[in-house]
Amino acid sequence: MPNLKLQQDFNPANKLGEGGFGPVYKAWNLHENGREIELVDPTLLEFDANEVRRIIDVALLCTQASPGLRPSMSLVATMLSGDVEVASVTTRPGYFN
């Protein structure tokens, strides 16, 4: 019986956000629909939308299905600082399939 309880935690009825198990699914859904800005805390009254998009794009790059497509931490740091252009996000996380 304990295993049954564990399996139920992955039941689609337990999905969070908008159609997935947690924040990564929600972020990807919003990204794919061009609505990344909705991830920003609504209590944050002022923010740079371009900076927010850059941060989200970098985060999504870190979830690529293939580890070879994910940026190194040093590249993440330079992308976040704005010193290097953020690469395009190419694939969804492997566990989406």
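For the sequence shown, my numbering gives the first residue as 5, with consecutive numbering after it.
We put the CB at the ideal spot given by N, CA and C, even for glycine.
Under 7 Å Cβ to Cβ from Arg-57, same chain only, skipping five residues before and after it: list those, please.
As a first step, residue 57 must be located in the sequence shown, where it is residue number 53. Closer than 7 Å at the Cβ level, and outside the excluded window around Arg-57, lie Glu-40.
Among Gly-72, Asp-61, Asp-87, Val-90, which residue has its Cα nearest to the Cα of Trp-32?
Locating residue 32 in the sequence shown gives position 28, where the first residue counts as 1. Of the listed residues, the one whose Cα sits closest to Trp-32 is Asp-61.
Please say whether Ala-63 and Arg-96 have beta carbons closer to each other than 8 Å?
The residue labelled residue 96 in the question sits at position 92 within the sequence shown. The residue labelled residue 63 in the question sits at position 59 within the sequence shown. Cβ atoms of Arg-96 and Ala-63: not closer than 8 Å.
Count the other CB atoms within 10 Å of the CB of Asn-83; is the residue buried (16 or more) or exposed (fewer)?
Against the sequence shown, residue 83 aligns to sequence position 79. Going by the sequence as given, residue 83 is Met instead of Asn. Label assigned to Met-83: buried.
One question on the structure: do Val-93 and Leu-65 come within less than 8 Å of each other, judged by their Cβ atoms?
Residue mapping note: residue 93 aligns to position 89 of the sequence shown, counting from 1. Residue mapping note: residue 65 aligns to position 61 of the sequence shown, counting from 1. The Cβ-Cβ distance between Val-93 and Leu-65 falls below 8 Å.
Hey, quick one: how far does the alpha helix (DSSP H) through Asp-61 stretch, first residue to last?
Stepping through the sequence shown from its first residue, residue 61 is reached at position 57. Where Asp-61 is concerned, the enclosing alpha helix (DSSP H) stretches over 53 to 65.
For the candidate residues Asp-45, Pro-46, Asp-52, Thr-67, whose alpha-carbon lies nearest to that of Tyr-29?
By 1-based counting over the sequence shown, the position of residue 29 is 25. If we check each option's Cα against that of Tyr-29, Thr-67 comes out closest.
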